[in-house]
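The next block holds one structure in the form of structure tokens; read it before the comments.
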Amino acid sequence: MTENTSTTKPHEFCLPARWDDFDRYGHVNNAVYIEYAQEARLAFATKFFGTSGSFQVFVRHVEADFVRPIMPDTREILVRTEVIKVGNTSFTTRQDIIDRHGNVCCTVTSVLVVVDVKTATPRAITEKEMGILTSGIAEDGE
Numbered sequence: 001m002t003e004n005t006s007t008t009k010p011h012e013f014c015l016p017a018r019w020d021d022f023d024r025y026g027h028v029n030n031a032v033y034i035e036y037a038q039e040a041r042l043a044f045a046t047k048f049f050g051t052s053g054s055f056q057v058f059v060r061h062v063e064a065d066f067v068r069p070i071m072p073d074t075r076e077i078l079v080r081t082e083v084i085k086v087g088n089t090s091f092t093t094r095q096d097i098i099d100r101h102g103n104v105c106c107t108v109t110s111v112l113v114v115v116d117v118k119t120a121t122p123r124a125i126t127e128k129e130m131g132i133l134t135s136g137i138a139e140d141g142e
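For the sequence shown, my numbering gives the first residue as 1, with consecutive numbering after it.
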């Protein structure tokens, strides 16, 4: 398997903290961090791959490192997404979920497998997709 390491700048995505994100302990429920990461990955994919549906991924693995709680004084969540590894059919993202004080509260690492739209089976990452995933997307905007 050929692997590349990304040199891209993180993609930033903001989303509101919803009232039902908070649990009875007064902080964002751990499961919600995965939702935040998913929303940010979808925004990343839409920005750089469009909405044609030709670039689709299945989540193969998700790992979350909960560093500190997000408290109710945070009304907007910042998620920084970056591609940290690219293989032949999959790539790995790291996402920092950040509160209003600039603290990284959770880091989510995901392995995403690129799939053929018609067969829902893994397919090779194209040269163009590889270019987007590994270099210059923040500068080029494409």
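The beta carbon of each residue, even a glycine, is placed where N, CA and C say it ideally should be. Everything numeric in this text was worked out from a predicted model, so none of it was measured.
With burial defined as no fewer than 16 other Cβ atoms inside 10 Å of the residue's Cβ, what is the status of residue i: buried or exposed?
i, result
"leucine 42", "exposed"
"tyrosine 33", "buried"
"arginine 24", "exposed"
"serine 90", "buried"
"alanine 124", "exposed"
"serine 110", "buried"
"arginine 75", "exposed"
"aspartate 21", "buried"
"isoleucine 97", "buried"
Give the DSSP bridge partners of residue i, in chain order.
i, result
"threonine 81", "His11, Gln95"
Could you give the C-beta distance for residue i and residue j, rounded to a whole number, given that I count them as a contact under 8 Å?
i, j, result
"phenylalanine 58", "valine 115", "6 Å"
"alanine 37", "valine 79", "7 Å"
In chain order, which continuous runs of the alpha helix (DSSP H) of length 4 or greater are located wholly inside the region 13 to 78?
Counting only runs of at least 4 residues, the region 13 to 78 fully encloses the following alpha helix (DSSP H) elements, listed from N- to C-terminal order: 30 to 49.
Across the region 98 to 115 and the region 66 to 75, are there enough close Cβ pairs to call them in contact, namely three or more that are closer than 8 Å?
Touching, yes, given that three or more Cβ pairs across the two stretches are closer than 8 Å.
Give, in chain order, every unbroken run of the beta strand (DSSP E) that is at least 3 residues long and sits entirely within the region 90 to 126.
Within the region 90 to 126, the complete beta strand (DSSP E) segments of 3 residues or longer fall at 90 to 98, 104 to 115, listed in chain order.
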